[in-house]
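These notes are about the structure you will find just below.
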Amino acid sequence: MPKVAIAPIIVVWLGFGIGSKVMIICLLTFFPVLVTSIAGFKAVDADRIDLLRSLSATRWQIFRKAKFPSALPYVFAGLNMAAAFSVVGAVVGEFVGAQAGLGVLILQMEAQADTGGSFAVCVVLSVIGIVMTDVLRRIQRRVLHWMPADSSQRTVSV
Numbered sequence: 007m008p009k010v011a012i013a014p015i016i017v018v019w020l021g022f023g024i025g026s027k028v029m030i031i032c033l034l035t036f037f038p039v040l041v042t043s044i045a046g047f048k049a050v051d052a053d054r055i056d057l058l059r060s061l062s063a064t065r066w067q068i069f070r071k072a073k074f075p076s077a078l079p080y081v082f083a084g085l086n087m088a089a090a091f092s093v094v095g096a097v098v099g100e101f102v103g104a105q106a107g108l109g110v111l112i113l114q115m116e117a118q119a120d121t122g123g124s125f126a127v128c129v130v131l132s133v134i135g136i137v138m139t140d141v142l143r144r145i146q147r148r149v150l151h152w153m154p155a156d157s158s159q160r161t162v163s164v
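Here the sequence shown is numbered in our numbering, starting from 7 and rising by one per residue.
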């Protein structure tokens, strides 16, 4: 079942306030981050873990030195998806039950057959998504400074 389909139920449960919108956004963004993070932790190089074990590393050291750094690119991939889904979730939450916001503005523009206004709101939503993605990309570059920015620059270690 698509998570957007339960948005009206969430609004009934939590009311028309900010809580229902936050819950819808959380439902839409949680699973992409979870799934990509799990994939990242499963993609850790076994040789790296074996090397750390041979050096008598503790479980915490293995996590900190091998598992977490290897999973971070996957976590950021999930966060990038979540950024886009959060904008969608906010608009859906406003479609279903709000009295103000960009989602409500789109509905009002459509009711008045104002296509230009609807597209203008869509452009604003696109800019919000682009800014969120850019901020995440900058954070990712700072956190993953050791990783090449382009996958074509990666080298194979022997």
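The beta carbon of each residue, even a glycine, is placed where N, CA and C say it ideally should be.
Checklist entry - Could you give the distance in angstroms between the alpha-carbon of ARG143 and the alpha-carbon of VAL81? => result 12 Å
Checklist entry - ASP53 by DSSP, collapsed to three states: which one? => result helix
Item to check | Separation of LYS48 from CYS128, as counted between CA atoms | outcome: 38 Å
Checklist entry - Apart from the five residues just before and just after LYS73, which ones in its own chain have a Cβ nearer than 7 Å to its Cβ? => result PHE47 and VAL50
Next on the checklist: What does the alpha-carbon distance come out to for the pair GLN114 and ALA126?
Outcome noted: 13 Å
Checklist entry - Just reading off the alpha helix (DSSP H) that ASP140 is part of, what are its end residues? => result 121-149
Checklist entry - Under the three-state reduction of DSSP, which class applies to SER26: helix, strand or coil? => result helix
Next on the checklist: Here's a check: name, in chain order, each residue in its chain whose Cβ is nearer than 7 Å to the Cβ of ILE30, leaving out the five neighbours to either side.
Outcome noted: ALA13, ILE16, GLY95, VAL98 and GLY99
Item to check | Close Cβ partners of ILE24 (< 6 Å) along its chain, the five nearest in sequence each way excluded | outcome: The beta carbon of ILE24 sits closer than 6 Å to no other beta carbon from its chain once the five residues preceding and following it are set aside.
Item to check | Chain-order list of residues whose beta-carbon lies under 8 Å from that of TRP19 (same chain, five-residue window excluded) | outcome: SER26
Checklist entry - Excluding sequence positions up to five away, which residues of its chain have a Cβ less than 8 Å from the Cβ of LEU108? => result Within the same chain, ALA96, VAL97, GLU100, VAL127, VAL130 and LEU131 come within 8 Å of LEU108 by CB-CB distance, once the 5 residues on both sides are set aside.
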